[in-house]
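Counting in this note's numbering, the final residue of the sequence shown is number 61, and the numbers go up one at a time with none missing.
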Amino acid sequence: MLFSILKKIKFKGKIDFIDYKGNKHSFGQAGPYSKVRFTNKSIERKLVRNPGLYLGEGYMN
Numbered sequence: 001m002l003f004s005i006l007k008k009i010k011f012k013g014k015i016d017f018i019d020y021k022g023n024k025h026s027f028g029q030a031g032p033y034s035k036v037r038f039t040n041k042s043i044e045r046k047l048v049r050n051p052g053l054y055l056g057e058g059y060m061n
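1. Determine whether the beta carbon atoms of His25 and Phe11 lie at a separation below 8 Å.
2. Is Phe27 helix, strand or coil when you go by DSSP?
3. Run through the stretch 1-53 for me and flag every whole alpha helix (DSSP H) of 4 or more residues, listed as ranges in chain order.
4. Classify Leu47: buried if its beta carbon has 16 or more other beta carbons within 10 angstroms, exposed otherwise.
Here's what the structure looks like:
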């Protein structure tokens, strides 16, 4: 669900998300690059529900 939402966003640069299973999801075009890796399934669901809260919590874990 999270990745279907991210497909609708226009990114300035490229960002790769690696899900908890190790699958790579890429968004955006050339430019600044970033990579985010999720280590468990629950953070993906939590980010959809409340990104403001769980983005920081996910980073700390």
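Here a beta-carbon is modelled for each residue, glycine too, at the ideal position from N, C-alpha and C.
Well, looking at it:
1. Stepping through the sequence shown from its first residue, residue 25 is reached at position 25. Stepping through the sequence shown from its first residue, residue 11 is reached at position 11. Cβ distance not < 8 Å, so His25 and Phe11 don't count as in contact.
2. In the sequence shown, counting from the first residue as 1, residue 27 sits at position 27. Strand, per DSSP.
3. 2-6, 41-49
4. The count along the sequence shown starts at 1 and reaches residue 47 at position 47. Leu47 is buried by the Cβ-count criterion.
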